[in-house]
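2 protein chains.
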Amino acid sequence: MSINIEKVHSKNKTMTESFVQGASESLFSIYNLPYGVFQRKDEKNPRIGTAIGNYVLDLAVLEKAGLLISNSNQSLFDRDSLNFFASQGQETWSIIRNRIQSLLSIDNHELQDNAELLAKALVPQADINMLLPFKIEGFSDFYASEHHATNVGKLFRGKENALLPNWKFLPVGYNGRASTVFLSGTQIPRPKGQIKLKDQDAPIFDFSNKLDFELEIGMFIGVGNPDGRRIDVNKATSHIFGLVLLNDWSARDIQAFEYQPLGPFLSKSFATSISSWVVPLEALKDSMTPLPKQFPECVEYLQQASPMQPNIKLRVEIQPKDSNIRTTICETNCTELYWSMEQMLAHHTVNHCIMKPGDLLGSGTISGPNKENWGSLLEITFNGTEPIKLVDGQERTFLQDGDTVIITGYCEMNHSKIGFGSLEGTVSRERHD
Amino acid sequence: MSINIEKVHSKNKTMTESFVQGASESLFSIYNLPYGVFQRKDEKNPRIGTAIGNYVLDLAVLEKAGLLISNSNQSLFDRDSLNFFASQGQETWSIIRNRIQSLLSIDNHELQDNAELLAKALVPQADINMLLPFKIEGFSDFYASEHHATNVGKLFRGKENALLPNWKFLPVGYNGRASTVFLSGTQIPRPKGQIKLKDQDAPIFDFSNKLDFELEIGMFIGVGNPDGRRIDVNKATSHIFGLVLLNDWSARDIQAFEYQPLGPFLSKSFATSISSWVVPLEALKDSMTPLPKQFPECVEYLQQASPMQPNIKLRVEIQPKDSNIRTTICETNCTELYWSMEQMLAHHTVNHCIMKPGDLLGSGTISGPNKENWGSLLEITFNGTEPIKLVDGQERTFLQDGDTVIITGYCEMNHSKIGFGSLEGTVSRERHD
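Residue numbers (this note's numbering), protein chains in the order written: chain B, -15 to 417; chain G, -15 to 417.
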C-alpha cells in the first residue's frame, strides 16, 4: 500500500496544520480528531483510530510503536470498543489528544518522517469498515428541545396544553433500548406493529405506515458513577467523552396506540442509528454557546453556573430509492436545546441511577423555531396531513421504502470546521419477518 | 470442612430423593435445582452452582472432575455469570439438569461415594455469598396484571377509564434501567427527586415520601434473537431460561410528576431487586396453569396455542426497623397475570427488537382480585389515603426508612414444593448523596 503524503504549508501561522494531505481543509482536521472503531477490509481485528482528512490513523499501531504513552498498563487502542479508553478520564483524554495533534502536526517529524510506520498507521478511509464505537449497555433518550416538545404537544393535546407542567422543571426523558443501536449505514427494517385505524375498534397488525426520523445529538459517557453517587451538574462535563449524530427512528402509528401510560416502546426499539465517529467534547469547546436564561428557575441540582451547548449545525436530507437527488428536509442547530448535556446527566443520576462508560444519552429531536428547522416528519407534515415536496417532485408525509435519510453536522469555529461525518440509513421492507 | 451426609430413604417409591441431608423436605429439592452465581467466603473466584437443601453444589468443581459433559468446548460453570450457559439452549439445559438430578439422587453413587470430591463440591449456604446471576444488558418491564392495571387506572383516571384502550390488545411495557438491577440483600436508597405538592405551582426537590414496592416475577432470556428475527409466540418457551422474584421499587411522588408523556424514568431507575436463584422453567412445567380465555381476541402474533402461567404462590411481608415481627401485606399468584411470558416475549420482538442472553423481563406488579392480593402499597393504601396496620401496631401508607420488604414465592406440585428463596431489601436514607 503506498500513501501519498503531501506536506501542506501553513497559510496562517496562528493555526497548526497537519502533514496529512488535504486534512487541514477537510472537516477532519487536526482540530477534530474524532475516535472510532474500524477494521481494515483485509484484516479481522477491530482497533481504535482517529479520522484525519480522508485517512484513518491507526492508534493501536502508534501505541505499539511506543508513540502514545498513558498511565494505563493495558492497551488503550488495540480494542474493539472505546469503553476502556473513555473510562480513563479527562486527563488521559487530553494527554492523548494533545499527543496525536502533535504527532500529526507539520512541525513534528516523529511520525511524518517514519515512512515505514506511516505506511502501517495511516489507512485510506476507503480501505476500512467502521464498527460501533462503544459497547452500549445503557441508552436513554431525552426530549430537550422546546420547539419539538411544543410542536408535538400541539398535535396531540392542542395549543393550550402543548407543554406539560413538568417540561420546564426537568429534562423529560425515558429509557431506550441499547441492543438496537446501530451504526450509520445499517439498513432500517420497517417495523410491524399494532395500529389503530380511525374508524375501527380493534387495532390491525401491519407494517408501520408512519415511519419517521428524529434528528438528535447523542452523548457518550466516558466516566460513570459506579457507586451511584449523583453527578454534580457543574462537574458533569468531565464525565462526557464525546458526541455523535443520532437518528431515533420512530413508527408514529405504533407509538400512538402503545404509548399510554408507560411511554414509547416498540415504536422506537426497532432501531436507533448513530454516526461512526465520536467527536471529543474537547474539540467542541470553542463553539460552546450560552443557553438563554431558563425560566422558571430550576431546582438546585439542575442549576448550572453557565449552561452551554456546542454550536453544531445540523441538516437532514432525504434521498429516494433510485434517485441521486437529495432534498434538504430540515436545518437546525444543537443550540436549540433548552437543557444542557450536563443538566441531562445530572438529572439522570440524581436518584442514584448508575452510569457506565459507553452509555448513550440522546438529546431528543432538535427542532428550531420555523418549519424548515423542525427535526421530524411528524412535525413538518403535521402528522402526515400536509405532505412536503421533494426536489424531484415526489411527495412525502412519512418515509417510503428505499428512502435514505442522511443526517450531517458540523461545528464552525474561528480556524476550522469540525465535522461529524454523515449518518445514513435506508428504509427497507424486505428484511426477514 | 466436614460435611454431614445422611442418606434419606425414599418414603415414596415414585419420587426420587437426594442423598443430601434435608434436601427432599426443603424448597430446594432435587426437583428445583435453581442456578446461581456464588463466591465462597474464603475465596475470590465466582462460579456457578445449584441449590440443594441448605447446600450449594459447585458445578464448576463437578465440571472440572468430568462429571458434567456438554457439547461446548468451553467451561459452562467456571464463570461469573449464567449468560454463557443460558445461551447454549434448551437441549443443553435439559441434559445438564437431568445429569445433576441423577448425580444428586440417592440411587447414584458417582458423587455420593466420592468423599473427597463431595467435600469440595457441596458447600453449606452459610459459607458463601451470592452474586448477581446474570450480566444484565437489557431490562424491560411489563404491566400484565389486569387487577393491577385496573386498580392504578381507577386511582389516576377514575373507574370509567381505568383500563386504557390498548391494554387488552397488547402487553403494555416499557424499557427499564439494567444498570441498577441489584441482588436480594442490597440496601435500597430512598431516592430524591422533583415532587409537586398539592398546593404549590413549582415542584420541590426532596426525598421521596411515597416509596413503594412492586411484586413481580422476572424472566431471564437464555437464547436471544441476535439477527432481530421475531420470536414466535409458540416457540418462545425455548428462549426463556428461568424465573426469579422481582421487586420494582417505585417512588410514586416522583413518578406522578415526571411520567408524562414518556413514562416512568427516575421514579424506577434507582433500584430493581431480584432474588439470587434462577429457577429453570423446566422445574415449573408441572405447575403450568392455563390462562382464562383472552377477550377480545388478540392479533395473530400474540395468539398462543395454550397460554399458561406457572402456579407460583407469592407473598410480600414488611418488617420494620428494630422489629422481629413481619406483617404479611399481600398474597397473590403468578396465575393472576393476563398475558403469558411467551406473549410478552413475542410482543417485545415483533418489531425486530434484539434480545440477548441475560436480558430480564419483568411481569409488572401482580395483583389478585381482593385488597389482600394487591401487589403494591399504591393500591393497598389507595395512594396513601388509607393507612394499613402492621402486626406490631405501627401504621404504613408507604415505606419507612429501615423497613425491610421480603418477597417469597414457591410452586406447589404433586410431589414437591419448588422454592424461589427470599428477595429482601431494606430502605435507607443514610446512603451518600
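For every residue, glycine included, the Cβ atom is placed at its ideal position computed from N, Cα and C.
By the 10 Å Cβ neighbour count, where 16 or more other Cβ atoms means buried, how is residue i classified, buried or exposed?
i              : result
residue 279(G) : exposed
residue 0(B)   : buried
residue -3(G)  : Only weak support is given to the placement of residue -3(G): the predicted model assigns it a pLDDT of 41, under 50, and the value that follows is read from those uncertain coordinates. Exposed is the call here.
residue 30(G)  : buried
residue 213(G) : exposed
residue 28(B)  : exposed
residue 128(G) : buried
residue 252(G) : buried
residue 306(B) : exposed
residue 324(G) : buried
Residue i CB to nearest chain G CB: under 8 Å?
i              : result
residue 411(B) : no
residue 345(B) : no
residue 399(B) : no
residue 52(B)  : no
residue 247(B) : yes
residue 57(B)  : no
residue 334(B) : yes
residue 329(B) : no
residue 389(B) : no
residue -15(B) : Because the pLDDT at residue -15(B) is just 35, under 50, the model does not fix this residue reliably, and the point stays unresolved.
What residue range does the beta strand (DSSP E) around residue i cover?
i              : result
residue 293(B) : 292 to 294
residue 273(G) : 272 to 274
residue 139(G) : Premise fails: residue 139(G) lies in the alpha helix (DSSP H), 130 to 141, not in any beta strand (DSSP E).
residue 63(B)  : Here residue 63(B) belongs to no beta strand (DSSP E), and DSSP marks it neither H nor E.
residue 179(B) : 176 to 179
residue 22(B)  : 19 to 24
residue 112(G) : 112 to 115
Would you say residue i faces chain B, with C-beta separation under 8 Å as the test?
i              : result
residue 189(G) : yes
residue 250(G) : yes
residue 34(G)  : no
residue 338(G) : yes
residue 186(G) : yes
residue 396(G) : no
residue 241(G) : yes
residue 153(G) : yes
residue 218(G) : no
residue 244(G) : yes
residue 231(G) : no
residue -12(G) : In this predicted model, residue -12(G) has a pLDDT of only 39, less than 50, meaning its place in the structure is not dependable; the value taken from the coordinates is given anyway. Answer no: the Cβ-Cβ gap between residue -12(G) and chain B never drops below 8 Å.
residue -8(G)  : Caution applies to residue -8(G), whose pLDDT of 35 falls short of 50 and renders its modelled position unreliable; the value that the coordinates give is listed next. Judged by the 8 Å Cβ criterion, residue -8(G) is not in contact with chain B.
residue 43(G)  : no
residue 225(G) : no
residue 254(G) : yes
residue 38(G)  : no
What does DSSP give as the partner residues of residue i in its beta bridges?
i              : result
residue 42(B)  : 33(B)
residue 318(G) : DSSP, once it has assigned bridges, lists no residue as partnering residue 318(G).
residue 202(B) : 228(B), 346(B)
residue 388(B) : 303(B), 410(B)
residue 235(G) : 195(G)
residue 126(B) : 157(B)
residue 164(G) : Note: residue 164(G) sits in no beta bridge, so no partner.
residue 427(B) : The first residue shown for chain B is -15 and the last is 417, placing residue 427(B) beyond what the model contains.
residue 426(G) : Lying outside -15 to 417, the shown extent of chain G, residue 426(G) is not represented and no answer is given.
At which residues does the alpha helix (DSSP H) containing residue i begin and terminate?
i              : result
residue 252(B) : Per DSSP, residue 252(B) belongs to no alpha helix (DSSP H) and is neither H nor E.
residue 333(G) : 325 to 333
residue 86(B)  : 74 to 88
residue 102(G) : 99 to 105
residue 118(B) : Per DSSP, residue 118(B) belongs to no alpha helix (DSSP H) and is neither H nor E.
residue 286(G) : Neither: residue 286(G) is in no alpha helix (DSSP H) and is coded neither H nor E.
So which residues of chain C does residue i contact, with C-beta pairs closer than 7 Å?
i             : result
residue 68(G) : Here chain C cannot be found, since the structure's protein chains are B and G.
What are the residues of the stretch 273 to 287 of chain B that lie near chain G, defined by any Cβ-Cβ distance shorter than 8 Å? Answer set for the stretch 273 to 287 of chain B: 280, 283, 284, 285.
Output needed in chain order: residues of the stretch 115 to 145 of chain B with a Cβ under 7 Å from some Cβ in chain G. Considering only beta carbons, the part of the stretch 115 to 145 of chain B lying closer than 7 Å to chain G consists of 121, 122, 127, in chain order.
When Cβ atoms are compared, which residues of the stretch 158 to 181 of chain G fall closer than 8 Å to chain B? From the stretch 158 to 181 of chain G, only 158, 159, 160, 161, 162, 163, 164, 173, 175, 176, 177, 178, 180 have a Cβ closer than 8 Å to chain B.
For the stretch 193 to 204 of chain G, list every residue whose C-beta sits within 7 Å of some C-beta in chain B, in sequence order. For the stretch 193 to 204 of chain G, which is checked against every Cβ of chain B, not one residue is closer than 7 Å.
Which of the residues in the stretch -5 to 29 of chain B, read from start to end, lie with their CB under 7 Å from any CB of chain G? Per Cβ criterion, the list is empty.
The stretch 354 to 377 of chain G: positions lying closer than 9 Å to chain B by Cβ: Within the stretch 354 to 377 of chain G, no residue has a Cβ that lies closer than 9 Å to any Cβ of chain B.
What residues in the stretch 66 to 95 of chain G bring their beta carbon closer than 9 Å to a beta carbon of chain B? Listed by position, the residues of the stretch 66 to 95 of chain G near chain B (Cβ gap below 9 Å) amount to none.
Along the stretch 289 to 301 of chain B, what residues have a CB closer than 7 Å to any CB found in chain G? The stretch 289 to 301 of chain B vs chain G, Cβ under 7 Å: nothing.
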